[in-house]
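**Q** Residue numbering for the sequence shown follows my numbering, beginning at 9 and increasing consecutively.
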Amino acid sequence: MDLLTQGLLGATMAQSGANRQETRIATGIGFAAGIAADVDILIQSENDPLLNIEFHRHFTHSLFFVPLGALIVALLLWPFLRKRLPFTRLYLFTFLGYCLSGVLDAFTSYGTNLLWPVSDERVALNIISVLDPAFTLILLIAGAVAWKKYSHAAARIGLVLAAAYLSFGWVQLQRAETAATALITEREHRAERLLVKPTLANLVLWRSIYEFDGQFHVDAIRVGLFSEPRVYPGESVEKFVLERDLNGLPVSSVLAQDIARFSHFSSGYLAIRPQQPEVLVDVRYSNLPTTTAPLWGIEIDPQQPDRHAQYKLYRDSSKVTRDKFLQLLLGEHLLE
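Spelled out as structure tokens, the structure:
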């Protein structure tokens with residue numbers, strides 16, 4: 009998730025394990041430890057554009073890295089705090105602050121190497137968006153009350169409420185998946201795989217992507233709190249198949265390896281953008297849940313197989329896109 013939310017989760021976790029006198033110092037320590045795992049965003053290379061997305065949410069987010077990650081943060085803070093805390097207490101707070109960083113990211117749809125090095129799978133539970141103001145607000149209020157009142161009880165209550173919000177996200181996911189499955193049956197399709205994920209900053213509007221007969225079908229599903237799910241039919245796009253679409257590209261070439269890396273990152277939800285045959289897109293993400301227009305992708309040049317693919321963003325923040333997203337979120341009727 010975003011850095012603020014990660015830091016707030018780390019802060020409330022550390023507060024929950026602090027005594028009254030330690031509450032405020034634990035807040036800062038936990039916040040620092042909570043954002044420390046995202047230091048992997050700094051792993052970049054001018055010569056390898058995909059290195060950043062390959063290593064973001066990688067080993068620093070693994071459950072097996074938690075003890076070492078917390079220790080590194082504690083050692084960095086020790087020179088500044090050694091006169092205020094024993095090292096054992098400092099390490100406790102960094103451990104509490106760090107321990108759920110990867111877990112929280114795994115609740116999103118982006119993908120997190122939660123079990124590295126045992127498994128290279130990018131875990132994505134699709135329960136919450138990478139940015140969710142309601143979830144962030146719960147942690148912010150709990151952390152602020154705990155800091156002001158010197159109360160670990162407030163932090164613990166906030167963590168319980170945050171867990172309840174995630175549970176609500178799981179319920180909404182089940183409702184959206186049920187609606188998506190019904191839609192697939194209605195179309196007389198047989199989904200080879202189905203992915204349902206929340207759209208940005210809410211648990212009401214969801215994006216459904218399923219694969220059938222070599223195509224990815226994309227739809228929006230609104231699951232209101234007090235209403236039946238509503239489906240907004242979307243677009244479809246042909247699935248990318250390397251052996252067919254780039255026949256003759258050497259498997260050992262730099263470009264082929266980059267495509268394989270991007271495919272792993274996107275869990276195989278790859279397609280060629282119809283308007284740009286030189287662009288491979290991650291079908292999981294779009295600015296609108298009904299379209300296949302990409303949020304990001306890679307630009308490839310099959311004529312230069314030993315040249316790296318270029319990672320590109322295609323964000324659309326136009327008023328037309330924002331208004332249509334709001335219409336979908338509110339469950340309004342869309343004009344054809």
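Glycine residues also receive a C-beta, built at the ideal position from the N, C-alpha and C atoms.
Could you give the residue range of the alpha helix (DSSP H) that holds residue 225?
**A** Note, residue 225: premise wrong, no alpha helix (DSSP H); beta strand (DSSP E) at 223-230.
**Q** Going by C-alpha distance, which of 274, 254, 134, 220 is nearest residue 214?
**A** Checked all of 274, 254, 134, 220; the closest Cα to residue 214 is 134.
**Q** What are the boundary residues of the alpha helix (DSSP H) that includes residue 182?
**A** 160-194
**Q** Less than 8 Å between CB atoms is the rule here; does residue 230 satisfy it with respect to chain B?
**A** Chain labels in this structure do not include chain B; a single protein chain is all it has.
**Q** Return helix, strand or coil for residue 24, following the three-state DSSP convention.
**A** Residue 24 falls in the helix class under three-state DSSP.
**Q** For a minimum of 4 consecutive residues, which ranges assigned as the alpha helix (DSSP H) are wholly contained in the segment 57-102?
**A** 59-63, 74-89
**Q** With three or more C-beta pairs closer than 8 Å as the rule, is the segment 299-313 touching the segment 198-206?
**A** no
**Q** Taking only the alpha-carbon atoms, compute the straight-line gap between residue 300 and residue 208 and give it to the nearest angstrom.
**A** When rounded, the distance between both Cα atoms is 16 Å.
**Q** Do residue 190 and residue 218 have their beta-carbon atoms positioned less than 8 Å apart in this structure?
**A** no
**Q** Indicate the three-state DSSP secondary structure (helix, strand or coil) for residue 216 in the structure shown.
**A** strand
**Q** Three-state secondary structure (DSSP) at residue 155?
**A** helix
**Q** State the Cα-Cα distance for the pair residue 125 and residue 60, rounded to the nearest angstrom.
**A** 18 Å
**Q** In terms of alpha-carbon separation, which member of 91, 211, 151 lies closest to residue 173?
**A** Taking only the C-alpha atoms, the option nearest residue 173 is 211.
**Q** Given residue 32, which residues of its chain have a CB within under 8 Å of its CB, disregarding the five upstream and five downstream residues?
**A** 155, 158
**Q** I need the boundaries of the alpha helix (DSSP H) containing residue 338, first residue and last residue.
**A** 327-338
**Q** What residues are listed by DSSP as bridge partners for residue 312?
**A** According to DSSP, which records beta bridges pairwise, residue 312 is partnered with nothing at all.
**Q** If we ignore side chains and look at the alpha-carbon of each, how far apart do residue 40 and residue 151 end up?
**A** 14 Å
**Q** Could you pull out every residue in the same chain whose Cβ sits closer than 6 Å to the Cβ of residue 18, ignoring the five residues on either side in sequence?
**A** 38, 39, 41, 42, 105
**Q** Between the alpha carbons of residue 145 and residue 177, how many angstroms are there, rounded?
**A** 16 Å
**Q** Measure the alpha-carbon distance for residue 128 versus residue 332 and round it to whole angstroms.
**A** Taking the straight line from one Cα to the other gives about 37 Å.
**Q** Tell me, please, which residues DSSP counts as bridged to residue 13.
**A** Answer is none; residue 13 lacks a bridge partner.
**Q** Give the single residue among 87, 10, 231 whose Cα lies nearest to the Cα of residue 336.
**A** 231
**Q** Quickly, what does DSSP pair residue 119 with across the bridge? List them, please.
**A** Partner(s): none; residue 119 has no beta bridge.
**Q** Quick check: residue 295 and residue 288, are their CB atoms within less than 8 Å of each other?
**A** no
**Q** Between the Cα of residue 338 and the Cα atoms of 96, 314, 179, 233, which residue gives the shortest distance?
**A** 233
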